[in-house]
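Numbering (our numbering), first residue to last: 1 to 150.
Every residue gets a Cβ at the ideal spot worked out from N, C-alpha and C, and that includes glycine.
Given the structure is predicted, the values throughout are model-derived calculations rather than measurements.
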Amino acid sequence: MSELVRFTVSIEQPLFEQLENLVESSEYANRSEFIRDLIRSKVVAQEWQTDKVLLGTISILYDHHARGLSERLIHHQHHFCGSVMATTHVHLDEHLCAEMIMVRGRGKEISALVDRLGREKGVYHSSLAAGTTGDAVVQSEHGSGAHHKH
Ligand code: NI
């Protein structure tokens with residue numbers, strides 16, 4: 001564990017009250033934990049603006065009966081510049097399929113795949129959970145250059 005740093009922050013009273021409300025209504029034990037995760041979220045969001053290889057989970061909802069759609073969705077995944085690591089398919093009812101596609105690649109390429117899948121006729125929803133391979137957020141907790149031992 002890295003050494004803890006204490007620092008003073010100056011913010012407007014209404015903003016501080018919003019922070020207090022957010023911490024109180026969340027499962028966070030205290031302000032510090034809340035702010036740590038807030039920073040990590042910002043770090044990951046920033047990573048998505050770079051050329052780094054990242055992890056993402058794409059969620060799609062589509063009409064199982066749309067002609068040729070399943071084949072086209074698979075085609076797009078095969079032509080994705082990064083790698084598709086895993087997919088989970090759930091038959092929601094006789095019409096609807098939900099699929100989760102875990103991918104590894106550059107942010108720009110992953111976002112392009114999300115859009116491409118979403119543009120297909122018969123796809124009702126395509127969204128992305130923007131993850132990370134960990135380096136940036138793990139470092140901030142264990143000190144720079146630290147690596148996990150498995
Ligand atoms: Ni299905």
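Range of the contiguous alpha helix (DSSP H) that encloses residue i
i	result
Val208	The structure shown does not extend to residue 208, since the chain is modelled only from 1 through 150, so no value can be given for it.
Ala86	Note, Ala86: premise wrong, no alpha helix (DSSP H); beta strand (DSSP E) at 83 to 91.
Gly44	Per the sequence shown, residue 44 should be read as Val rather than Gly. Residues 31 to 47.
Ser70	69 to 78
Check whether residue i and residue j have beta carbons under 8 Å apart
i	j	result
Gly118	Ser126	yes
Val103	Leu113	yes
Val43	Val137	yes
Ile101	Ile58	yes
Glu99	Thr88	yes
Gly107	Leu54	yes
Leu73	Glu109	no
His76	Arg116	yes
Host beta strand (DSSP E) of residue i (start-end)
i	result
Ser2	Counting along the chain, Ser2 falls outside any beta strand (DSSP E), and DSSP gives it neither H nor E.
Val53	53 to 63
Exposure of residue i, with buried meaning 16 or more beta-carbon neighbours within 10 Å
i	result
Cys81	exposed
Glu17	exposed
Ala146	Because Ala146 sits at a pLDDT of 45, beneath the cut-off of 50, its placement in the model cannot be relied upon, and the following sentence gives the value as read from the coordinates. Counting Cβ neighbours within 10 Å, Ala146 comes out exposed, since fewer than 16 surround it.
Thr132	buried
Glu27	exposed
Leu22	exposed
Gly68	exposed
Glu24	exposed
Which runs of the alpha helix (DSSP H) spanning at least 4 residues fall entirely within the stretch 94 to 129, listed in chain order? Within the stretch 94 to 129, the complete alpha helix (DSSP H) segments at least 4 residues long are 107 to 119, listed from N- to C-terminus.
Are the stretch 51 to 70 and the stretch 22 to 37 touching, with three or more C-beta to C-beta distances below 8 Å? Flag = no, the stretch 51 to 70 and the stretch 22 to 37 do not touch.
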